[in-house]
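Asker:
There are 2 protein chains.
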Amino acid sequence: MNSFTNRIPDAAVRRFSLYLRYLEDFERSGIRNVASGVLAERGGTTAAQVRKDLSFLGSFGKRGLGYSVAELTGVLRGVLGLDSVWRVALLGAGRIGTALFRYEPFRARGFHITTVIDNDPGKIGTRLGDVTIRGEHELESALQDDRTDLVIVAVPAAVAQALVDRVVAAGIRAVLNYAPTQLRLPGDVALRNVSMMVELESLSHALARLRR
Amino acid sequence: MNSFTNRIPDAAVRRFSLYLRYLEDFERSGIRNVASGVLAERGGTTAAQVRKDLSFLGSFGKRGLGYSVAELTGVLRGVLGLDSVWRVALLGAGRIGTALFRYEPFRARGFHITTVIDNDPGKIGTRLGDVTIRGEHELESALQDDRTDLVIVAVPAAVAQALVDRVVAAGIRAVLNYAPTQLRLPGDVALRNVSMMVELESLSHALARLRR
DNA sequence: GAGTGTGAAGCAGTTCACAGCG
DNA sequence: CGCTGTGAACTGCTTCACACTC
Chain A
12 MNSFTNRIPD AAVRRFSLYL RYLEDFERSG IRNVASGVLA ERGGTTAAQV
62 RKDLSFLGSF GKRGLGYSVA ELTGVLRGVL GLDSVWRVAL LGAGRIGTAL
112 FRYEPFRARG FHITTVIDND PGKIGTRLGD VTIRGEHELE SALQDDRTDL
162 VIVAVPAAVA QALVDRVVAA GIRAVLNYAP TQLRLPGDVA LRNVSMMVEL
212 ESLSHALARL RR
Chain B
12 MNSFTNRIPD AAVRRFSLYL RYLEDFERSG IRNVASGVLA ERGGTTAAQV
62 RKDLSFLGSF GKRGLGYSVA ELTGVLRGVL GLDSVWRVAL LGAGRIGTAL
112 FRYEPFRARG FHITTVIDND PGKIGTRLGD VTIRGEHELE SALQDDRTDL
162 VIVAVPAAVA QALVDRVVAA GIRAVLNYAP TQLRLPGDVA LRNVSMMVEL
212 ESLSHALARL RR
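Note that the protein sequences, when read in sequence, are chains A and B.
Be aware that the first sequence starts at 12, since it is given in this note's numbering, and climbs by one per residue.
Be aware that the second sequence starts at 12, since it is given in this note's numbering, and climbs by one per residue.
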């Protein structure tokens, strides 16, 4: 039942990433079938949660046996959009931007950083890996020429919003934000935030509670 | 009512980080009072959400006027544990670890990276900023000597779990994980994950849906 | 009057429990 | 017999609505 017609809860989608990671491990180890409980154990959830999550995608488990690792891997890749290559633009070639650029798993998963933008005159025209860094004034033309699907924001908070407004105006529909600010953008643009400070402060809160 | 006796929802705590950021902006701009609606607008939530969140901390808003920026800033700093300095150990001095080490806002917020561990013999004994990189075999003694409160994990997934087990055994109660794996650890240890791939794949899912 | 504080209602994600299939 | 798939119960966060106060 319930093929991929309906919306899938965001929390479930994020767990799919984890499941996929573990399935790939299992595949490498030559394991051919896996039960919900095993996946749960590995991913820090419960068996019921795993089954419920997977039920959003259809029902292809085998009762008494579990799920085919190969089949499930394929389904998850498909639903996560990992069967196509996504063209990514990186805004900001500072320390964080550079570390992201060189992060191997991105490319392995089909995310190709084809465009790098920075406004430091000393960087414009230099290369990061196989990509030439371009200036901010070239933003729109670069996004268009490179047929960008997705933008990673790694610029200082103060300039992030203005830049993202231009990115959205240029038709981009997915933004991954590393800048420590809450970006405001239209509802039809997908936004995910990766915030070092928020997570760290949440830990700090937990520690402060313990200490009392 | 409802002082800081009760547990505060995690979602609210994460929003506190955002509110605090904006309050600090307001403070710099010389704004002395702020209404829930203003904070909501800035942080991408609703006024009701802001008031509900703040009500977990007590009630010190002024009806008809809003909240005192200075007072609220102080309260949030306190509840987030930002009024003390936290001593942080960084595991892994690779590209991501190095970028994190140099990330200025950490220090500004009272998170001091006092310890850096890496198992690359070429790195051990060299310096990262003002800290000397130490080998993995010194992990326990380093955590103890440096009175570490919190550990940031920035090592490859394959070695993360084993290292964290030792960290937990050494008495650390808060872990920020950048490794692309789900760490398994006791319930009394606070864990937060910062995952590049999970967020990116969630965007990829959103894009794939759009495209259909 | 403007804006807080908060019970109550609404909604979403999680867990339970069990029928049903391989 | 083991393990899936799923409605039903539950839990917890969010939104609403309004009495209350500065």
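In this text, a Cβ means the ideal position worked out from N, Cα and C, and glycines have one as well.
Just mark Asn188 of chain B as buried or exposed, buried being the case when its beta carbon has 16 or more other beta carbons within 10 Å.
Answerer: buried
Asker: Compute the beta-carbon to beta-carbon distance between Phe71 of chain A and Glu82 of chain A, rounded to the nearest angstrom, for a pair I have assumed lies under 8 Å.
Answerer: 6 Å
Asker: Are any of the Cβ atoms in chain A nearer than 8 Å to that of Gly146 of chain B?
Answerer: Residue-level contact check: Gly146 of chain B does not touch chain A, since none of the beta carbons of chain A fall below 8 Å from its beta carbon.
Asker: Please go through the same chain and pick out, in chain order, the residues whose beta-carbon is closer than 7 Å to the beta-carbon of Arg62 of chain B, but skip the five residues on each side of it.
Answerer: Ser47
Asker: For a quick check, are the C-beta atoms of Val186 of chain A and Leu194 of chain A less than 8 Å apart?
Answerer: yes
Asker: Name the chain A residues whose beta carbon is nearer than 7 Å to that of Ala217 of chain B?
Answerer: Ala185 and Ala201
Asker: If you drop the 5 nearest sequence neighbours on each side, which residues of the same chain put their C-beta closer than 6 Å to that of Ser14 of chain A?
Answerer: Because the pLDDT at Ser14 of chain A is just 47, under 50, the model does not fix this residue reliably, and the point stays unresolved.
Asker: Are Gly77 of chain B and Leu218 of chain A touching if we call contact CB-CB under 8 Å?
Answerer: Not closer than 8 Å, so no.
Asker: So the beta strand (DSSP E) Leu161 of chain A belongs to, where does it begin and stop?
Answerer: Leu161 to Val164
Asker: What residue ranges within the stretch 70 to 144 of chain B form continuous beta strand (DSSP E) runs of no fewer than 3 residues, ordered along the chain?
Answerer: 97 to 102 and 122 to 128
Asker: Would you check if the stretch 124 to 142 of chain A and the stretch 92 to 107 of chain A touch, i.e. whether three or more CB-CB distances between them fall below 8 Å?
Answerer: The stretch 92 to 107 of chain A is in contact with the stretch 124 to 142 of chain A.
Asker: So for Val200 of chain B, helix, strand or coil by DSSP?
Answerer: coil
Asker: Could you pull the start and end residues of the beta strand (DSSP E) that Leu187 of chain A belongs to?
Answerer: Ala185 to Asn188
Asker: Going by DSSP, which residues form a beta bridge with Asn44 of chain B?
Answerer: B:Ser79
Asker: Please state whether DSSP places Ser4 of chain B in a helix, a strand or coil.
Answerer: The displayed coordinates of chain B run from 12 to 223. Any statement about residue 4 of chain B would go beyond what the structure contains.
Asker: For the alpha helix (DSSP H) containing Asp36 of chain B, list its first residue and its last residue.
Answerer: Taken as a continuous stretch (DSSP letters only), the alpha helix (DSSP H) holding Asp36 of chain B covers Asp21 to Arg39.
Asker: Assuming Leu154 of chain B contacts Phe112 of chain B under a Cβ cut-off of 8 Å, what Cβ separation, rounded to an integer in Å, is found between them?
Answerer: That belief does not hold up - the Cβ atoms of Leu154 of chain B and Phe112 of chain B are roughly 17 Å apart, past 8 Å.
Asker: Given a cut-off of 8 Å on the beta-carbon distance, is the pair Arg184 of chain B and Leu221 of chain A in contact?
Answerer: yes
Asker: DSSP on Gly54 of chain B, reduced to helix/strand/coil?
Answerer: helix
Asker: Classify Asn204 of chain B as buried or exposed, calling it buried when 16 or more other Cβ atoms lie within 10 Å of its own Cβ.
Answerer: buried
Asker: Please name the residue, chosen from B:Val45, B:Ser40, B:Thr57 and B:Glu38, that lies closest to Arg26 of chain B on a Cα-to-Cα basis.
Answerer: B:Thr57
Asker: Expressed to the nearest angstrom, what Euclidean distance is found between the alpha-carbon atoms of Val49 of chain B and His123 of chain B?
Answerer: 32 Å
Asker: What did DSSP end up calling Gln60 of chain B once you bin it into helix, strand or coil?
Answerer: Note: Gln60 of chain B maps to helix in three-state DSSP.
Asker: Does the beta carbon of Lys63 of chain B fall short of 7 Å from some heavy atom of the ligand NAP?
Answerer: As for the ligand NAP, it is missing from this structure, which has no ligand bound.
Asker: Give a yes or no on whether the C-beta atoms belonging to Gly121 of chain A and Ile135 of chain A are separated by under 8 Å.
Answerer: no
Asker: Could you tell me the boundaries of the alpha helix (DSSP H) in which Asp156 of chain B lies?
Answerer: Membership of Asp156 of chain B in the alpha helix (DSSP H) is indicated by the continuous run Leu150 to Asp156.
Asker: Assign Arg177 of chain B to one of three DSSP states: helix, strand, or coil.
Answerer: helix
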